[in-house]
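A.B. asks: Under this note's numbering, the first residue of the sequence shown is numbered 26, with each subsequent residue one higher.
Backbone N, C-alpha and C fix where the C-beta goes; we use that ideal spot for every residue, glycine too.
From a predicted model like this one, the values you see are computed outputs, not experimental measurements.
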Amino acid sequence: MPGYDFLYSIDNGVALITLNRPEVLNALTLEIYAQLRDLFEELRYDDAVKAVVITGAGRAFCSGGDVHKIIGAVLERDMLGHLEFCRMTGHLVRNMRLLPKPIIAAINGLAAGAGAVMALACDLRVMAEDARIAFLFTRVGLTGADMGAAFLLPRLVGQGRALELLLLGDDVDAPTAERYGLVNKLAPKEQVLPAAREWAERLAHGPTHAIGMTKTLVSNEWAMDVVSAVEAEAQAQALMMMGEDHRAFYEAFKEKRKPDFKGR
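1) Expressed to the nearest angstrom, what Euclidean distance is found between the alpha-carbon atoms of leucine 117 and glutamate 276?
2) On the DSSP bridge list, what partners appear for alanine 130?
3) On the three-state DSSP scale, how would you describe alanine 156?
4) Give me, in chain order, the residues of the same chain whose beta-carbon lies closer than 6 angstroms to that of glycine 81; leave out the 5 immediate sequence neighbours on both sides.
5) Where does arginine 222 land, buried or exposed, given buried means 16+ other C-beta within 10 angstroms?
6) Is the Cβ-Cβ distance between alanine 199 and alanine 153 less than 8 angstroms?
7) Expressed to the nearest angstrom, what Euclidean distance is found between the alpha-carbon atoms of phenylalanine 162 and arginine 289?
8) What number of angstroms, rounded off, separates the C-alpha of valine 92 from the C-alpha of aspartate 36?
9) In whole angstroms, give me the CA-to-CA distance for tyrosine 58 and cysteine 111.
10) State the beta-bridge partners of glycine 90 as determined by DSSP.
11) Are the Cβ atoms of methionine 265 and alanine 229 separated by less than 8 angstroms?
12) In the structure shown, what three-state DSSP assignment does valine 370 receive?
13) Under a Cβ-count criterion, where at least 16 other Cβ atoms within 10 Å of its own Cβ denotes burial, should isoleucine 95 be classed as buried or exposed?
14) Could you give the first and the last residue of the continuous beta strand (DSSP E) run that contains tyrosine 33?
15) Out of Leu32, Leu55, Val77 and Glu66, which has the shortest C-alpha to C-alpha gap to glutamate 226?
16) With a threshold of 6 angstroms on Cβ separation, who are the neighbours of glutamate 246 within its own chain once the five nearest residues in sequence on each side are excluded?
17) Among all the DSSP beta bridges, which residues are the ones paired with aspartate 198?
18) Could you give the first and the last residue of the continuous beta strand (DSSP E) run that contains valine 39?
19) I need the DSSP call for alanine 220, collapsed to helix, strand or coil.
20) On a Cα-Cα basis, can you pick out the residue from Phe278, Met143 and Tyr33 that is closest to glycine 90?
21) Using only the alpha-carbon positions, how far apart do glycine 183 and aspartate 103 sit?
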């Protein structure tokens with residue numbers, strides 16, 4: 026699509042983002058960061074998109090920030106310039122987490138640094154059997170707490186395992202990533218994108234408002250006590266029970282047919 030430094034398409038309710046710099050393992054530039062940040066905000070208001078898949082061209086998912094186009098360039102900035110860059114990368118993750126639509130990572134190959142955090146910021150992850158993930162920030166003299174990694178990773182794998190991954194920065198192979206709970210599903214490399222699309226299309230054709238509410242509550246309830254969480258779920262469920270999709274289920278159940286969900 027014009028204006029993007031990556032491939033972007035919409036089909037059957039699913040937006041597909043393909044990072045497309047295979048010659049440098051889909052390393053991110055300042056422009057790509059900004060474009061992804063803004064796209065995930067715009068997707069909140071795009072009714073044609075019900076779910077998102079993000080993957081990489083060639084043999085990698087994303088190797089992180091481009092050494093020359095980001096690291097070299099940002100090192101020339103002053104302190105405020107560094108902070109501006111770090112906030113921009115964090116706002117990409119913020120917009121992914123705030124998007125009330127499911128995002129699925131099709132990890133077709135290496136996901137390192139910022140690429141690993143982008144995969145982490147997705148809701149579901151399908152990983153190639155020969156792929157690797159590395160939160161390698163400490164290996165380059167930076168904190169492992171980057172782009173929200175120290176917030177997201179313990180919630181996925183537990184604090185002890187998260188500290189192992191963030192402090193050591195070691196490569197994690199696919200079987201280990203699955204065992205840690207870092208990814209949801211492993212697949213042969215050629216089946217990673219089809220598997221991710223299958224999940225995305227299933228979600229896109231489901232009760233999308235209820236799915237979005239589920240994502241929102243799962244994210245929000247980390248900051249709640251149990252009383253607040255139960256009350257938030259009660260209010261949300263009462264709204265869903267008055268929605269058209271729940272009634273569509275009931276009518277379809279009575280008529281012994283599949284419900285036709287409209288996302289309302």
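C.D. replies: Let me lay it out:
1) Approximately 41 angstroms between the Cα atoms of the pair.
2) Residue pairing by DSSP places alanine 130 opposite Ile79 and Arg150 in a beta bridge.
3) Alanine 156: coil per DSSP, three-state reduction.
4) Excluding sequence neighbours, glycine 81 sits near Leu44, Asn51, Cys87 and Asn133.
5) Taking a 10 Å sphere around the C-beta of arginine 222, we find 16 or more other C-beta atoms and assign the residue as buried.
6) Cβ atoms of alanine 199 and alanine 153: closer than 8 angstroms.
7) As the crow flies, the alpha-carbon of phenylalanine 162 is around 42 angstroms from that of arginine 289.
8) Each residue's alpha carbon lies about 34 angstroms from the other.
9) The alpha-carbon of tyrosine 58 is positioned some 11 angstroms away from that of cysteine 111.
10) Its beta-bridge partners are Leu53.
11) Cβ atoms of methionine 265 and alanine 229: not closer than 8 angstroms.
12) For the chain, the structure presents residues 26 to 289; residue 370 sits outside this window and is missing.
13) Burial of isoleucine 95 is indicated by the presence of at least 16 other C-beta atoms within 10 angstroms of its C-beta.
14) Per DSSP, tyrosine 33 belongs to the beta strand (DSSP E) from 32-36.
15) Nearest to glutamate 226 by C-alpha distance, out of Leu32, Leu55, Val77 and Glu66, is Val77.
16) Setting aside the 5 residues that flank it on each side, glutamate 246 is surrounded in the same chain by Ala254, each with a C-beta closer than 6 angstroms to its C-beta; the list follows chain order.
17) Answer is Arg157, bridged to aspartate 198.
18) 39-44 is the extent of the beta strand (DSSP E) around valine 39.
19) If DSSP states are grouped into helix, strand and coil, alanine 220 belongs with the helices.
20) Considering only alpha carbons, the answer is Met143.
21) Whole-angstrom Cα-Cα distance: 36 angstroms.
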